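Inspection log for the structure reproduced underneath, given as structure tokens.
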Amino acid sequence: MYKCLNYIWRLCATALSYICFGLGGLVLWIVVFPALSLFVRDRQRLSIAARWVIRQTFRAFVGLMHRLGIFTYETHGLDRLNRHGLLILANHPTLIDVVFLISFTARADCVVKAGLATNPFTRGPVTAAGFIHNNAGPELVSDSVASLRAGNNLIIFPEGTRTPMDGTLAKLQRGASNVAVRGEVDVTPVLIQCNPLMLVKGVPWWKIPGNRPHFRIEVREDLPIASLTGPCASDALAVRRLTERLTDYFITEIHSGPGHTNARTRNQGTHHQFPCVGEHNGQRY
């Protein structure tokens with residue numbers, strides 16, 4: 002009986018969260034960002050201010066979903082995101098991965114699907130923040146490198162889309178490796194695990210798992226691109242090697258790392274209950 006009631010509650014809470022996200026996007030687009038532009042005229046400063054607003058909004062949204070009992074989560078290594086000019090590459094198992102990462106990352110820039118710039122619920126944040134569209138063509142790499150050199154932390158999901166339902170890592174696109182090689186910037190990898198999976202590709206939002214999901218988000222040590230590519234005669238070869246090395250890295254770490262095992266056992270114990278809120282790094286929420 003309790004499990005059934007808990008399922009119904011999480012289903013209703015998930016629907017409420019979707020409504021709040023949509024309404025929040027509209028309010029940002031129609032009210033907040035136009036008002037902000039009246040006080041901040043410089044385009045670069047306006048973009049930085051908009052990203053700060055988005056970060057705080059996403060932090061509040063993550064907190065809302067957690068407090069409603071939709072999921073629990075734990076984080077590791079978030080202090081590594083307190084730097085500037087990072088190229089953050091993450092796997093992409095769920096729809097809200099970007100919400101988590103932007104909420105944890107100062108001055109976050111992001112490569113997003115072009116369709117988000119025309120969606121009325123996401124148009125305001127994407128446009129005001131100046132996020133990079135994934136259909137920018139040749140300019141995508143140069144815009145990304147420019148963002149990094151301006152001190153932003155650029156978030157890219159190299160799979161280009163969410164991981165398939167079976168958990169098999171999708172083929173990594175070469176865009177992220179192009180940015181790393183041409184910008185001569187090391188990679189900051191982030192491993193995201195969710196067990197049981199929720200909001201995955203090809204599954205409607207209302208098909209929620211039977212148990213409350215638990216997220217594990219771990220920011221790993223930087224990966225020097227020189228050690229991953231080795232001496233190369235051309236940038237094209239370096240990009241190909243780096244894409245291959247990153248593919249091996251994510252496959253190995255996701256499926257054989259400690260988080261994979263822990264996430265499976267964690268949901269069999271007492272961690273479905275609300276833990277106390279504490280520090281981010283190494284703490285469960």
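One point on numbering: in the working numbering, the residue at position 120 of the sequence shown is 121, and numbering is uninterrupted.
Even for Gly, the Cβ is constructed at its ideal location relative to N, Cα and C.
Predicted, not measured: the structure shown is a model, and the values here were computed from it.
Nearest Cα to valine 180 within the set Leu170, Leu243, Gly25: Leu243. Taking the Cβ atoms as the reference, valine 182 lies roughly 5 Å from alanine 239, within the contact range of under 8 Å. In the displayed model, leucine 69 falls within coil according to three-state DSSP, outside both helix and strand.
For alanine 14, the enclosing alpha helix (DSSP H) has its first and last residue at 3-28. Its Cα nearest to that of valine 201, the residue Thr95 stands out among Phe40, Val32, Thr248, Thr95. Scanning Cys233, Cys111, Val63 for the CA closest to the CA of serine 48 turns up Cys111. When DSSP states are grouped into helix, strand and coil, leucine 173 belongs to the coil group. Straight across, the Cα-Cα distance linking glutamate 185 with proline 225 is about 10 Å. Counting along the chain, threonine 189 sits inside the beta strand (DSSP E) bounded by residues 188-196. With three or more CB-CB distances shorter than 8 Å, the segment 83-101 counts as touching the segment 190-197. A Cβ-Cβ separation of about 7 Å places arginine 108 in contact with glycine 152 under the 8 Å criterion. Beyond the five residues adjoining it in sequence on each side, isoleucine 20 comes within less than 6 Å, by CB distance, of no other residue in the same chain. DSSP links arginine 217 through a beta bridge to Glu75, Gln194. Counting C-beta pairs closer than 8 Å gives fewer than three between the segment 9-16 and the segment 34-44, which falls short of the contact rule. Relative to the Cα of aspartate 144, the nearest Cα in the group Glu219, Met166, Leu88 belongs to Leu88. For the 8 Å CB-CB criterion, leucine 82 and phenylalanine 105 form a contact.
DSSP places aspartate 110 within a strand segment (E or B) once states are collapsed to three. Beta bridge pairing from DSSP links leucine 224 with Val188. Isoleucine 255 has no beta-bridge partner at all, per DSSP. By alpha-carbon distance to arginine 52, the top candidate from Lys4, Ser18, Ile156 is Ile156.
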